[in-house]
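Down below is the structure, laid out as C-alpha cells.
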Amino acid sequence: MAPRKKRNTKGAAIAQAILEQYQPQTKEDMQEAIKDIFGPMFEAMLQGEMDSHLGYAANDHGYKDTDNRRNGYISKNVKTAYGEIPVDVPRDRQATFEPQVIPKRTRDVSGIEDKVMSMYARGMSQRDIADTIEDIYGFEISHETISSITDRVIETAEEWQNRPLKKFYTFLFVDCLYVSIRKEMETKSCAVYVILGYDVNGIKDILGLWIGEAEGKHYWMQIFDEIKARGVEDVLFISMDGVSGLEEGARSIFKDVTVQRCIVHLIRNSVKYIPSKDYKAYTAQLKKVYGAASLKAAEAEFERFKQAWGQYPGAVDVWVRNWKYVEQLFNYGSAVRKVMYTTNAIESVNSSFRKVTKKGSFPSEDAVRKALYLRITELYKKWNGRPVSNWAMVRNQLSMDDKIQARLLKYENY
Numbered sequence: 011m012a013p014r015k016k017r018n019t020k021g022a023a024i025a026q027a028i029l030e031q032y033q034p035q036t037k038e039d040m041q042e043a044i045k046d047i048f049g050p051m052f053e054a055m056l057q058g059e060m061d062s063h064l065g066y067a068a069n070d071h072g073y074k075d076t077d078n079r080r081n082g083y084i085s086k087n088v089k090t091a092y093g094e095i096p097v098d099v100p101r102d103r104q105a106t107f108e109p110q111v112i113p114k115r116t117r118d119v120s121g122i123e124d125k126v127m128s129m130y131a132r133g134m135s136q137r138d139i140a141d142t143i144e145d146i147y148g149f150e151i152s153h154e155t156i157s158s159i160t161d162r163v164i165e166t167a168e169e170w171q172n173r174p175l176k177k178f179y180t181f182l183f184v185d186c187l188y189v190s191i192r193k194e195m196e197t198k199s200c201a202v203y204v205i206l207g208y209d210v211n212g213i214k215d216i217l218g219l220w221i222g223e224a225e226g227k228h229y230w231m232q233i234f235d236e237i238k239a240r241g242v243e244d245v246l247f248i249s250m251d252g253v254s255g256l257e258e259g260a261r262s263i264f265k266d267v268t269v270q271r272c273i274v275h276l277i278r279n280s281v282k283y284i285p286s287k288d289y290k291a292y293t294a295q296l297k298k299v300y301g302a303a304s305l306k307a308a309e310a311e312f313e314r315f316k317q318a319w320g321q322y323p324g325a326v327d328v329w330v331r332n333w334k335y336v337e338q339l340f341n342y343g344s345a346v347r348k349v350m351y352t353t354n355a356i357e358s359v360n361s362s363f364r365k366v367t368k369k370g371s372f373p374s375e376d377a378v379r380k381a382l383y384l385r386i387t388e389l390y391k392k393w394n395g396r397p398v399s400n401w402a403m404v405r406n407q408l409s410m411d412d413k414i415q416a417r418l419l420k421y422e423n424y
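If you're matching positions, the sequence shown starts at 11 in my numbering and goes up one per residue.
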C-alpha cells in the first residue's frame, strides 16, 4: 500500500477554519459560504485599487490632480473553484484603470480564494498582505495601494460599528480581551471591549468593538452612552465580571437594568484561597449553592458551605460580599438563571477572536479591527439568525414577572 500523501498544512488550516465557523452540511453549503465571503472582498479590493489609480478616495471632495473620474461599474460573473460570484468592477472615464485583482477580460479566478483567506487570517499587516499579493499575482504592490485596498475593509467595519442598534435587549454580556499593538516603537497591550446581546427573540448580535488602553469603568460608561445613542432604550440584564464601578455605570445609563456578576468569575476569585488538593470538593459544594432549586435551599446550602470552609476566610468572604448576586438569581426561573449567571456566552466569542489575535502583535488598531470584524462576519454565518438554545422556555419564564412582561411586550416587534 502506498503511503498517504502529506497534506498541505496551509490548506488544511483554511479548511478547518471554514468547517468550524460555517458548519456546512453539503457541498452547496460550502459554496454559498465561500461566495458570501469573497464577493465583497473582491469588490473592496477593486475599490481600493481604483482609489490608488485616481489618487483620491470616492468621498474626497477636495482638489484633484487629475481630470479622471469614476464612471460607475460593470457587472461580471467571475468563475471560482466554488462556483460563479457576481462582482461589480469600478470604471473610470478615461478607461485607464487596469485592475489587478480581477484583470480585464478575466472571468476565471479559481484557485486564489485560499490565498485571499490566508491574507485576512494572518492579521492584516501590510507586510503579510504584500507578500501574499506578490505570491498570488507575481508582482510587487506599493504600500499606498495596500492601504487603499485594506482601508476599504475598515470602511465596512466602521459602518458596522456605527450602525443603529435595536431598541431593546434582554441580555447583554460585556467582557474584554487583550491584544498587542505596536505603538511608537514599542508594543503595548490594549483592551478590546466587546458586547454580545440577545434581543427580545433570543437572536445574538455583537453590538460593537472598542479599543482602549486598559479595562476600566469610565471607558465602559462611554460605551454604554454610545450604544444608547445608537438606539438602545432598555436592557433587562447585563452579565459582567468584577470590574469596579461597572454596575453603577450601567445603571446610570439604563436605570431598570439588573446587573449580574458572573458566578464563574466569583469562583475563580475565591478558589485562589483554597489549596489545590481541595479544589474539587470546594467547587462541588459551591455548585450546590448557586445550583439549588430555590432561594431557601440555596440559603441552607450556603450556611453549610460557610461552616465547611470557614478555615479559609478569604474564600468564604468573596461569597459573603457578593451574596446578593447569587440571591437575585432565584427571582427567575431555571432557564433564565442558566443564561444570566455566567459570561460564558461572550467568552466563547472572545475565544474565537483569539484564533486571530494569538498570531502576534498588530501594527495598528485598524489591523485589529479588520481581523476581528472578519471573524464577526463568520460568527454571524454560524449563528445564522437563530435564537439561542431553549429560548422559548426563557421567554416564558421571563413573562411570569408582570413588570418584565410589560417591557418585553413594548418591544416585541423590534
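Heads up, the beta-carbon is just placed ideally off N, CA and C, and yes, glycines get one too. If you're wondering where the values come from, they're calculated on a predicted model, not measured in any experiment.
Residue 399 versus residue 79 - alpha carbon distance: Looking up residue 399 in the sequence shown gives position 389. Looking up residue 79 in the sequence shown gives position 69. In a straight line, the C-alpha of residue 399 is about 52 angstroms away from that of residue 79.
Practice problem: Within the same chain, show all residues whose beta-carbon is closer than 7 angstroms to that of residue 320, passing over the 5 residues directly before and after it, in chain order. | Solution: Position 310 of the sequence shown, counted from the first residue, corresponds to residue 320. So the list reads 326, once near-sequence residues are dropped.
In DSSP terms, what residue 197 is bridged to
For the purposes of this step, residue 197 is identified with residue 187 of the sequence shown, where counting begins at 1. BP columns for residue 197 point to 192.
| Opening and closing residue of the alpha helix (DSSP H) in which residue 371 lies | For the purposes of this step, residue 371 is identified with residue 361 of the sequence shown, where counting begins at 1. Looking at the DSSP string, residue 371 is not in any alpha helix (DSSP H), and its letter there is neither H nor E.
Requested in this report: Excluding the 5 residues preceding and the 5 following residue 174 in the sequence, name in chain order all residues of the same chain whose CB lies nearer than 7 angstroms to its CB.
Outcome: Mapped onto the sequence shown, residue 174 falls at position 164. Cβ neighbours of residue 174 beyond the five flanking positions: 240, 241.
* Is DSSP giving residue 270 helix, strand or coil here? -> What you label residue 270 is simply residue 260 of the sequence shown in a count that begins at 1. Strand at residue 270.
When burial is assigned at 16 or more other CB atoms within 10 Å of the CB, is residue 35 buried or exposed?
-> Against the sequence shown, residue 35 aligns to sequence position 25. Exposed, by the Cβ-count rule.
Measure the alpha-carbon distance for residue 305 versus residue 257 and round it to whole angstroms. Residue mapping note: residue 305 aligns to position 295 of the sequence shown, counting from 1. Residue mapping note: residue 257 aligns to position 247 of the sequence shown, counting from 1. Cα-Cα distance, rounded: 23 angstroms.
Counting pairs of Cβ atoms below 8 angstroms between the segment 362 to 382 and the segment 264 to 275, do you hit three or more? no
Do you know whose CA, among 227, 181, 197, lies nearest residue 206's CA?
Numbered from 1 along the sequence shown, position 196 holds the residue referred to as residue 206. Taking only the C-alpha atoms, the option nearest residue 206 is 181.
inquiry  = Let me confirm a value: residue 367 is counted as buried when at least 16 other C-beta atoms fall within 10 Å, else exposed. Which label applies?
reply    = Counting from one through the sequence shown, the residue named residue 367 turns up at place 357. Result: buried.
- Contact belief for residue 101 with residue 84 at Cβ below 8 angstroms, rounded distance in angstroms: Against the sequence shown, residue 101 aligns to sequence position 91. Against the sequence shown, residue 84 aligns to sequence position 74. Between residue 84 and residue 101 the Cβ distance is about 6 angstroms, and since that is below 8 angstroms, they are a contact.
In the DSSP assignment, the alpha helix (DSSP H) including residue 304 goes from what residue to what residue?
On the sequence shown, position 294 is the one that residue 304 refers to. Segment: none, residue 304 is in no alpha helix (DSSP H) and carries neither H nor E.
| field | CB contact flag (residue 346, residue 419, <8 angstroms) | value | Translated into positions along the sequence shown, residue 346 becomes position 336. Translated into positions along the sequence shown, residue 419 becomes position 409. Going by C-beta atoms, residue 346 is not nearer than 8 angstroms to residue 419.
Worksheet item: Are the segment 277 to 288 and the segment 202 to 216 touching by the rule of at least three beta carbon pairs closer than 8 angstroms?
Response: no
Residue 185 and residue 357: beta carbons closer than 8 angstroms?
Counted from its first residue, the sequence shown places residue 185 at position 175. Counted from its first residue, the sequence shown places residue 357 at position 347. Cβ atoms of residue 185 and residue 357: closer than 8 angstroms.
Nearest to residue 246 by CA position, among 197, 210, 233, is which residue? In the sequence shown, the residue the question calls residue 246 occupies position 236. The shortest Cα separation from residue 246 among 197, 210, 233 belongs to 210.
Q. Looking at the structure shown, is residue 246 part of a helix, part of a strand, or coil, going by DSSP?
A. As a first step, residue 246 must be located in the sequence shown, where it is residue number 236. It is a strand residue.
(message) Bridge partners for residue 94 per DSSP, in chain order?
(response) The residue given as residue 94 occupies position 84 in the sequence shown. Per DSSP, 89.
Do you know how far the Cα of residue 234 is from the Cα of residue 264? Mapped onto the sequence shown, residue 264 falls at position 254. Mapped onto the sequence shown, residue 234 falls at position 224. One C-alpha to the other measures close to 8 angstroms.
Q) Hey, how far is the Cα of residue 416 from the Cα of residue 402? A) In the sequence shown, the residue the question calls residue 416 occupies position 406. In the sequence shown, the residue the question calls residue 402 occupies position 392. Rounded to whole angstroms, residue 416 to residue 402 spans 17 angstroms at the Cα level.
query: Across which residues does DSSP place residue 185 in a beta bridge pair?
result: Within the sequence shown, the letter at position 175 stands for residue 185. The partner list for residue 185 (beta bridge, DSSP) reads 204.
Look at the alpha carbon of residue 312 and the alpha carbon of residue 340, and state the distance between them as a whole number of angstroms. In the sequence shown, counting from the first residue as 1, residue 312 sits at position 302. In the sequence shown, counting from the first residue as 1, residue 340 sits at position 330. Approximately 14 angstroms, taken between the alpha carbons.
Notebook entry, point to check: Under 8 angstroms between the Cβ atoms of residue 1 and residue 364?
Noted result: Summary: the structure shown does not reach residue 1, with the chain confined to residues 11 through 424, and so no result is reported for it.
Less than 8 angstroms between the beta carbons of residue 178 and residue 243, yes or no?
As a first step, residue 178 must be located in the sequence shown, where it is residue number 168. As a first step, residue 243 must be located in the sequence shown, where it is residue number 233. Closer than 8 angstroms, so yes.
* To do: Could you please give the first and the last residue of the uninterrupted beta strand (DSSP E) stretch that includes residue 219?
  => If you number the sequence shown from 1, residue 219 lands on position 209. First-last of the beta strand (DSSP E) with residue 219: 214 to 222.
Self-check item: Distance, residue 198 Cα to residue 298 Cα
Solution: If you number the sequence shown from 1, residue 298 lands on position 288. If you number the sequence shown from 1, residue 198 lands on position 188. Taking the straight line joining both Cα atoms gives about 42 angstroms.
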